[in-house]
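First comes the structure, then the notes that go with it.
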Amino acid sequence: MIETSEFPEARKPAYKLLIDFCEDIGTLKSSAQITEHYLAEELLGKQIVVIVNFPPKQIGPFMSECLVTGFYREDGVVLVSPDKPVPNGAKLG
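Using our numbering, the first residue of the sequence shown is number 175, and each one after it goes up by one.
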């Protein structure tokens, strides 16, 4: 992630995210309800698993271009991320 910000217009607490994939895909925007476990600042530079072959989705005034993945727990969503660094935009296999 290269940019994070609060999303006050969202119905539930969320962040707006700008995610860098690589030269082939570029940067895409998304929104994620992950405020329970993550501060916006600590997400910068974090690699996560994202689905990019979804159609864009309007979320209030924001257009989400990809889907951030996570596991639901009673106390909020936990992001799916690689345990070792991988190239940005690497395909999940």
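Where is the CB? At the ideal position from N, CA and C, for every residue including glycine.
At a cut-off of 4 residues, the continuous stretches assigned as alpha helix (DSSP H) that sit fully inside the region 190 to 220 are 214 to 217. Judged by their CB atoms, Leu266 and Val223 are nearer to each other than the 8 Å cut-off.
A distance of 8 Å or more separates the beta carbons of Pro259 and Gln207. Per DSSP, the continuous beta strand (DSSP E) segment holding Phe245 begins and ends at Gly244 to Arg247. Rounded to the nearest whole angstrom, the CA to CA distance from Glu177 to Cys240 is 15 Å. Taking the Cα of Ala264 as reference, the smallest distance to any Cα among Glu183, Ala188, Ile225 and Ser179 is reached at Ile225. Pairing Ala184 with His211, the inter-Cα distance amounts to about 17 Å. Per DSSP, the continuous beta strand (DSSP E) segment holding Leu253 begins and ends at Gly250 to Leu253.
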